[in-house]
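Enquirer: Sequential numbering from 181 applies to the sequence shown in the numbering used here. All C-beta atoms in this analysis are idealised placements derived from N, C-alpha and C, irrespective of residue type, glycine included.
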Amino acid sequence: MGRSSTANRGGAINRGPSLGEYETVAASQADQVMGTTGKIGDYLEGLLCVVATAATAQVQIKDGAGSAITVFPNSPGSGIGSYYVYLGVKSAAGAWKITTGAGVSVIAVGNFT
181 MGRSSTANRG GAINRGPSLG EYETVAASQA DQVMGTTGKI GDYLEGLLCV
231 VATAATAQVQ IKDGAGSAIT VFPNSPGSGI GSYYVYLGVK SAAGAWKITT
281 GAGVSVIAVG NFT
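(1) Report buried or exposed for Gly190, applying the criterion of at least 16 other Cβ atoms within 10 angstroms of its Cβ.
(2) Any idea what DSSP makes of Ala282, helix, strand or coil?
(3) Buried or exposed: where does Ser271 fall if 16 or more other Cβ atoms within 10 Å of its Cβ makes it buried?
(4) Assign Ala288 to one of three DSSP states: helix, strand, or coil.
(5) Does the stretch 233-249 touch the stretch 266-281, meaning 3 or more C-beta pairs lie closer than 8 Å?
(6) Just how far apart, CA to CA, sit Val205 and Gly257?
(7) Reducing DSSP to helix, strand and coil, say where Thr236 ends up.
(8) With a threshold of 16 other CB atoms inside 10 Å of the CB of Ser262, please say whether the residue is buried or exposed.
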């Protein structure tokens, strides 16, 4: 069973039974939407980045139509392997979108609509 997420008065995240939804993103994808359509308030807990070619491993996220944010660089220090990037963020502008380089695939974990 997955977990759910709600914010308490202090702004901390409480995890409960429905969070744990995931989506896969293949290598070389541009602006893949998380969820069916995505919306403001969608929660992106983190990304499991599976690197096959370190030189082209960059991963970027976008909040709606906002600017791309690099969350995983090309040529990570340990090279080929799997890396978890914790984010713990809610969308303020729309669907989360993920872009992957040619050398990396991603499993995105969160609560998407």
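Expert: Judging by the given coordinates:
(1) Locating residue 190 in the sequence shown gives position 10, where the first residue counts as 1. Caution applies to Gly190, whose pLDDT of 44 falls short of 50 and renders its modelled position unreliable; the value that the coordinates give is listed next. When all chains shown are included, Gly190 counts as exposed.
(2) Numbered from its first residue, the sequence shown carries residue 282 at position 102. Correct three-state label for Ala282: coil.
(3) Residue mapping note: residue 271 aligns to position 91 of the sequence shown, counting from 1. Ser271 comes out buried.
(4) Taking the sequence shown and counting its residues from 1, one reaches residue 288 at position 108. Here Ala288 sits in strand by DSSP.
(5) yes
(6) One-based indexing of the sequence shown puts residue 205 at position 25. One-based indexing of the sequence shown puts residue 257 at position 77. Cα to Cα, Val205 sits roughly 22 Å from Gly257.
(7) Numbered from 1 along the sequence shown, position 56 holds the residue referred to as residue 236. Three-state DSSP puts Thr236 in a helix.
(8) For the purposes of this step, residue 262 is taken as residue 82 along the sequence shown, with counting starting at 1. Flag for Ser262 reads exposed.
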